[in-house]
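Trainee: Counting along the sequence shown from 1, when you hit position 243 you're at 243 in the UniProt record's numbering, and nothing is skipped either side. Ideal placement from N, C-alpha and C gives every residue a C-beta, glycine not left out. Let me begin by handing over the structure; questions about it come next.
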Amino acid sequence: MEDSDSDSSGCKAPPRGGAIRLIHVIQSDVLTGGIIRFIEIFSRMPDVNILILSDVKTISNKTLLKHLRKLPKARVLAVKLPPNLPKTLREACFALLVIFTALSSRRCIDVAYSDENLRGVLAGFALRTLAKKPWICTFQGLWEFSGLQKVLSHLTMKISSHATAIVVPSQSVKEKLLRYARKLADKVHVIESGIDPSLFKPMSLKKELDCIYVGRISWEKGIDVLLRAWSIVLKEKPDAKLGIVGDGGSQNSKLLRHLKGVYYYGWVDYEHVPQLLNKAKIFLCPSKGETFCQSLLEALACGLLAITSRLDVFKRLWNDAVVYVDLKPELWAKAILELIHDGNGNSPKVRELACHFTWDKAANKMKIVLLKCLRGVASYDLDGCGRTS
Numbered sequence: 001m002e003d004s005d006s007d008s009s010g011c012k013a014p015p016r017g018g019a020i021r022l023i024h025v026i027q028s029d030v031l032t033g034g035i036i037r038f039i040e041i042f043s044r045m046p047d048v049n050i051l052i053l054s055d056v057k058t059i060s061n062k063t064l065l066k067h068l069r070k071l072p073k074a075r076v077l078a079v080k081l082p083p084n085l086p087k088t089l090r091e092a093c094f095a096l097l098v099i100f101t102a103l104s105s106r107r108c109i110d111v112a113y114s115d116e117n118l119r120g121v122l123a124g125f126a127l128r129t130l131a132k133k134p135w136i137c138t139f140q141g142l143w144e145f146s147g148l149q150k151v152l153s154h155l156t157m158k159i160s161s162h163a164t165a166i167v168v169p170s171q172s173v174k175e176k177l178l179r180y181a182r183k184l185a186d187k188v189h190v191i192e193s194g195i196d197p198s199l200f201k202p203m204s205l206k207k208e209l210d211c212i213y214v215g216r217i218s219w220e221k222g223i224d225v226l227l228r229a230w231s232i233v234l235k236e237k238p239d240a241k242l243g244i245v246g247d248g249g250s251q252n253s254k255l256l257r258h259l260k261g262v263y264y265y266g267w268v269d270y271e272h273v274p275q276l277l278n279k280a281k282i283f284l285c286p287s288k289g290e291t292f293c294q295s296l297l298e299a300l301a302c303g304l305l306a307i308t309s310r311l312d313v314f315k316r317l318w319n320d321a322v323v324y325v326d327l328k329p330e331l332w333a334k335a336i337l338e339l340i341h342d343g344n345g346n347s348p349k350v351r352e353l354a355c356h357f358t359w360d361k362a363a364n365k366m367k368i369v370l371l372k373c374l375r376g377v378a379s380y381d382l383d384g385c386g387r388t389s
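Here it is as structure tokens:
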């Protein structure tokens, strides 16, 4: 990653040529889909300088740092908090520090960018309302499985309604968001996630797994339904093999490693995921809620058959390219066994459909949103795509 020169205020001055200067808050200590999306899109924008705000614990993740280095013009400002603070207090302290840092750096920022997490939303809101900077808020998920999540979801949506633009990964999410606030219609932009077709592609590898799951090990992702279904599958096909890829915490990891017929790989570096996908015949996605599902897109691009839950977002994106099953273990077991016995791989047309979603297209759409946000900023030259001062 690259630092530019500092001005007299201690901020990083924009490089010669007038690149867009963007600030982003990262709060996850693992490489989430939202972070991958941010990195892949903005690594294709060499004319955007990025200041990333985070904390030392988060940014110490070596995998995360490795991927952040893909960003050609980015620097990280990491805040160190006392390690013994309760989680809620840590979150509150970090949120305040983020707001203070964002405001103190406002002269060095053209636009703020944040996910829907509370830290990022507060920083974006502060820059938008107090420093009068354009703010792009992205919604990767709209989860409402518990009372607290409902409250937080409504709170973040209320705050993010002040954003200059809101970016969502699918038309389904846009419609759900507008059910809460119809007045946001002109602000919401759909920018789907993407793949690198040269990385996610069919490979001539031995099929060592019957099925594979890639994603977070959590209730929201339907891992409980998957494991109960797999126990039924094993009764009819004792030699069936399921690969599970993803971070699930030490307790879940210990459990998964001792399950019969289950091969738990844990966290796998992003570049190695295509090889694992190509070693399986069927991709399983029993999620209880999704906004796009990056891993499903990657699996289809690799030529796998796929079974998913009956979610509106999947039906709109993939039509009849996947098998839809209600979230009942016995129905999932039946669908899995049928595909194991009869499946012969996906049609080339499915890969063609998956390859319609590329990071280059997503980056082009994001650039348009950036320019629209900057349209009202007097010091920004749209025709020359650079600052005039």
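Within this structure, are the beta carbons of I244 and I282 separated by less than 9 Å?
Mentor: The answer is no: Cβ separation not under 9 Å.
Trainee: In three-state DSSP terms, what is H189?
Mentor: Three-state DSSP puts H189 in a strand.
Trainee: To the nearest angstrom, report how far apart A165 and L277 are at their CA atoms.
Mentor: Distance between the alpha carbons of A165 and L277 is about 35 Å.
Trainee: Along the chain, which unbroken stretches of the alpha helix (DSSP H) at least 4 residues long are found entirely within the stretch 158-207?
Mentor: As far as the stretch 158-207 is concerned, its whole alpha helix (DSSP H) runs of at least 4 residues are 171-180.
Trainee: Looking at the structure shown, is G345 part of a helix, part of a strand, or coil, going by DSSP?
Mentor: In this structure, G345 counts as coil in the three-state DSSP scheme.
Trainee: Taking a contact to mean a Cβ-Cβ separation below 9 Å, would you say L64 touches A95 in this structure?
Mentor: No, these two residues do not count as a Cβ contact at 9 Å.
Trainee: Would DSSP call T138 helix, strand or coil?
Mentor: Here T138 sits in strand by DSSP.
Trainee: From what residue to what residue does the beta strand (DSSP E) around T308 run?
Mentor: Counting along the chain, the beta strand (DSSP E) containing T308 begins and ends at 305-309.
Trainee: Could you tell me which uninterrupted beta strand (DSSP E) segments, each at least 3 residues in length, are contained entirely in the stretch 250-332, listed from first to last along the chain?
Mentor: Complete beta strand (DSSP E) runs here, min 3: 262-266, 280-285, 305-309, 323-325.
Trainee: Taking the straight line between their C-alpha atoms, what separation do you get for E338 and G124?
Mentor: Taking the straight line from one Cα to the other gives about 49 Å.
Trainee: Could you work out which residue in E40, D312, G222, K372 is closest to K328 when comparing CA atoms only?
Mentor: The option with the nearest alpha carbon to K328 is G222.
Trainee: So that I know if they touch, is there some Cβ in chain D lying closer than 9 Å to that of N344?
Mentor: The structure shown contains no chain D; it is built from a single protein chain.
Trainee: Which whole-angstrom value is the C-beta distance of H162 and T129, which I expect to be below 8 Å?
Mentor: The Cβ separation is near 6 Å, so the contact holds.
Trainee: Label N49 either buried or exposed according to how many other C-beta atoms from any shown protein chain fall within 10 Å of its C-beta, with 16 as the threshold for buried.
Mentor: That one is buried.
Trainee: Between which two residues does the alpha helix (DSSP H) holding G33 run?
Mentor: Unbroken alpha helix (DSSP H) run through G33: 33-42.
Trainee: For the alpha helix (DSSP H) containing D224, name the first residue and the last one.
Mentor: Looking at the DSSP string, the run of the alpha helix (DSSP H) that includes D224 is 223-236.
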